[in-house]
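Chains as they are written, first to last, in this note's numbering: chain A, 110 to 909; chain B, 803 to 923; chain C, 3 to 156.
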């Protein structure tokens, strides 16, 4: 098995994505005014959990940012800050940056200050946070106590902690207060001082420990503390029974024993303090370094001069308990100068020291310390809690039972099923070649096999499917950023976010969809003034929907803008020589001009949707996914881009053709029709260019064999078989092939991994005979060809 | 000594890490997603010690500790609070709710084990 | 995986073969398998030395005509052609050669860098030279031989 931490790390980033998603959801609900306290809690927790995990992996930049964000959300959670729309925008921006940082951390790309600085500034202006002391996230070997001391002013986050209230208790020794009287920051030097002293002395500590009742209530157990001390060195424990009251006065929940311990150790005092960390405030504790003077017994410590019984520490489960060296029975005192400079504060139980001390009774000498279990009092002493009522009224979405599987395993399964499909095709071919009748047992058996294989394949593909929600959420960010850039008020609505789509499709849809959303915001929607003038609501709306429709996934990107300005589009297209001025185009054909390469140019696009990408690129990315894209636009009402995609990328419905002795597969979704050419159909345009006349329009003729370099162009195409390929946009071509062999589903095998991209070729597949056949990328082929045949034929092609 | 530990945290990553740290130390780890789930698990097992997160959906750490402490059969189980927030305020609150101790995230597995031994042997 | 006996650090194991009448070799650690020739599906617009792709148990394997790649005289395609399947940093390709000769263990100190004189194209494909039984064996630089990734030969 691989490194478990690496696995957890990988799983952390997956969890982060889920948390980011619920963060987005929560913010969206807040933005929609539908949030309640649980929503805010969800948002807070999402940030908090990311921070927590990030800390575990030492992702400090992520921790720091998450911490600032969390602190702000804490303000919201506690009701100290009530966010308005503007504030929520900033929170969204923070969530976006948080996502960026998560991904940068995951991919181990550098996190730059400019990624976080702007939003942190906004955040600071919003909730008036001050730059905090950087939180220490690495493990501090020096011990938890030290850790906590340093962190004391961070958890609250919003400023200084209230000053330590140290009532002037009658503590056993005034020296004990010395550390607490100092500002927190000075604790570290003190500890260091102790260490120095300890190093010089190299002896150990004298510890006096008087548990308060609350110590037992908290579930702490002195015995375990002593065991932990014993792990540090040689320990002598003496029980002081002087405080035991008369039997009749014994209260079950009160501890009466105090303890004197001598620990001989090389460990620093911090190590000793760590042991008592959890009982800090639940006991009276003094820890003093043992000095030579102390061993001389020249000074007395309070409470230690009383009669005491020596209790050997129960050996417990450890066989290595060495015979404990007993220090002089007289309690070794310490010099005031060296007495516990960093003693624990006692502010959590201020009443303890002042409690009346009952008269002593004889104690059971070697009794193991069995703390009373004051159940009732524990309950009483607990603050009344509204815990049970905290159960969210609308239980947050309980995740469905899931299994996390390495994607590689799924892909292996997908591949194997692909092999199965291919093998089965081979088998079918053999059966056919063997001349078995169609109603033979073998043939019918094979038919059932075929059905089963398809079912398996479909099920396997479903494993790779995931809700499109994550993609839609990313678009939320695009809308926010894009609308801010062009100063429009835009709201994104999403529908069908749970529609499941192949993981790879989702990944590869991100870029085209981003561009379409930017386009919708930038070009689709009118300016606010224009909207108001035409009686529309100020807010523009962009709607993103996904749904399954007849075995495909349909994604619509709509805006409620002014619709496509067709006269202007046509004018521009003529201007650019994309269509002839005489052409009579239908509305649909004009709309589709938007997809022409070269239609959107730098002169026309704004800074926002420019970026050198036109709708033609969007279209070709959709097509490379086996998809189609269509436009509908209603003047004054808006425009909808509709993308239709196959459910999976792993298989494809194709037409198997032969050309120049090679077998090729043409995606069925690209083929509009097939026809056989007659003399009348073909017109020669240039020396090497032909067009096919088709219902009054002209379509460029492409000799597939020549296009792919398999042969020189034929002299005559009369009688040739032609596949009319293209999309609804009129971007068409007639492909000449030698023969059409079959129409079938093929399993797609990528070429790019093993060889690289081949112009005009999308991928490969393995046919029934075991041979590899290339799958054509018709759109790429057309654009390659159009580069050669110039724009003449293409512009004509739109004249149909 | 091998302890039986119930670890309650809504973060899967944190549960994974706790599980790893605990099982590497030879402890038996039982995991729960949130306070309510923790209470359900408690019905079936009797851990030597409980570790719980504070910020959790449905029933948070304080509510969970409170519920555990109110139940006689569980009242003595030591409970360590797992928190990124190390403010004294929070510790006081945890203690008031009935926690035995606390562990600051990110935790050092060795320290976690030590802390567990400190409260549960 | 095949259990390769650990050679002393000072030796390298080479698979030697003949191509275009010359002796070449590759580091055996790069060799995945050796198989017979099969009809390759041509790739459009591919350089002449790329024979095409074949089906290697369900994966698409590009085939490099090594003689053509090295600028050597290309013999006729025969049934006897052999394909050495090599893996380089996760990319797999088949090298079409005339025949596989031997597996040689060559002490590293008997390996020499190719002389720095030839304007010969083949030189860029040779990473080292050695002499075995009086024959010069060239060690192929697989990185140079592999088709450039993402190549779009027009």
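Glycine is no exception: its CB is placed at the ideal position from the N, C-alpha and C atoms.
Given a cut-off of 9 Å, decide if residue 841 of chain B and residue 864 of chain B are closer than it, judged by their beta-carbon atoms.
no
Chain B contact for residue 265 of chain A (CB, 9 Å cutoff):
In this prediction, residue 265 of chain A scores a pLDDT of 36, lower than 50, which makes its location untrustworthy; the coordinate-derived value is nonetheless stated afterwards. So yes, residue 265 of chain A belongs to the interface.
Do you know offhand how far residue 870 of chain A's Cα is from residue 734 of chain A's?
13 Å
For residue 852 of chain A, go through chain C and note every residue whose CB falls closer than 9 Å to its CB, in chain order.
Those within 9 Å of residue 852 of chain A in chain C number zero; the least Cβ separation is about 20 Å.
Could you tell me which of A:389, A:619 and A:746 sits nearest to residue 324 of chain A, measuring between CA atoms?
A:389
Please decide whether residue 329 of chain A counts as near chain B, where near means a Cβ-Cβ distance under 9 Å.
yes
Within 9 Å (strictly less), CB to CB, does residue 93 of chain C reach chain A?
yes
CB-CB under 6 Å to residue 407 of chain A, same chain, minus the five flanking residues each way: which ones, in chain order?
Bear in mind that the predicted position of residue 407 of chain A carries a pLDDT of just 38, short of 50, making it unreliable; the figure below should be weighed with that in mind. Excluding positions up to five away in sequence, the list is empty.
Range covered by the alpha helix (DSSP H) that runs through residue 384 of chain A:
378 to 384
Thinking just about the alpha-carbon of each residue, which of B:821, B:875 and B:826 is nearest to the one in residue 847 of chain B?
B:875
Is it right to say residue 817 of chain B is buried, meaning 16 or more other beta carbons lie within 10 angstroms of its own, or is it exposed?
buried
Whole beta strand (DSSP E) runs in the segment 838 to 903 of chain B with 3 or more residues, listed along the chain?
851 to 855 and 881 to 885
Does the distance from the CB of residue 808 of chain B to the CB of residue 849 of chain B come in under 9 Å?
yes
Can you find a CB in chain A that lies within less than 9 Å of the CB of residue 909 of chain B?
yes
How is residue 138 of chain C classed by DSSP in three states: helix, strand or coil?
strand
Are at least three pairs of beta-carbons, each pair with one atom in the segment 33 to 48 of chain C and one in the segment 794 to 813 of chain A, less than 8 Å apart?
no
State yes or no: is the beta carbon of residue 139 of chain C nearer than 9 Å to at least one beta carbon in chain A?
no
Quick test of your reading: residue 214 of chain A and residue 168 of chain A, contact by CB under 8 Å. State the CB separation rounded to the nearest angstrom.
5 Å
Terminal residues of the continuous alpha helix (DSSP H) containing residue 35 of chain C?
Segment 33 to 38 is the beta strand (DSSP E) holding residue 35 of chain C; no alpha helix (DSSP H) there.
Apart from the five residues on each side of it in sequence, which residues of its chain come closer than 6 Å, Cβ to Cβ, to residue 822 of chain B?
none
Go to residue 624 of chain A, then tell me how far its beta strand (DSSP E) extends in each direction, as first and last residue.
That residue, residue 624 of chain A, is in no beta strand (DSSP E); its alpha helix (DSSP H) goes 612 to 628.
Please state whether DSSP places residue 668 of chain A in a helix, a strand or coil.
strand
Please list, in chain order, all residues of the same chain as residue 145 of chain C whose beta carbon is under 6 Å from its beta carbon, the five residues on each side excluded.
none
Nearest residue (CA-CA) to residue 207 of chain A, options A:177, A:236 and A:190:
A:177
Contact between the segment 37 to 51 of chain C and the segment 809 to 825 of chain A: three or more CB pairs below 8 Å?
yes
Decide if residue 607 of chain A is buried, meaning its Cβ has at least 16 other Cβ atoms within 10 Å, or exposed.
exposed
Pick helix, strand or coil for residue 372 of chain A, following the three-state DSSP scheme.
strand
Collapsed DSSP secondary structure at residue 699 of chain A in the structure displayed:
helix
Quick one: using the 10 Å Cβ neighbour count with 16 as the cut-off for buried, is residue 566 of chain A buried or exposed?
buried
Work out the CA separation of residue 536 of chain A and residue 3 of chain C for me, nearest whole Å.
Low confidence applies to residue 3 of chain C: its pLDDT is 46, below 50, so where it sits in the model is not reliable, and the reading given next is rough at best. Roughly 31 Å separates the two Cα atoms.
Taking residue 873 of chain A as the query, report the chain C residues whose CB atoms sit under 8 Å from its CB, ordered along the chain.
43, 55 and 62
Spatial distance of residue 282 of chain A from residue 392 of chain A (CA atoms):
Note that residue 282 of chain A scores 38 on pLDDT, short of 50, meaning its location in the model is unreliable; the coordinates nonetheless yield the value given after this. Distance between the alpha carbons of residue 282 of chain A and residue 392 of chain A: 14 Å.
Exposure label - residue 227 of chain A; buried when at least 16 CB within 10 Å:
exposed
Length-filtered (4 minimum) alpha helix (DSSP H) runs lying within the segment 784 to 835 of chain A
813 to 816
Nearest neighbour of residue 144 of chain A, chosen from A:125, A:191, A:181 and A:772 [CA to CA]
A:191
Beta-carbon separation (whole angstroms), residue 775 of chain A vs residue 766 of chain A, contact threshold 8 Å:
6 Å
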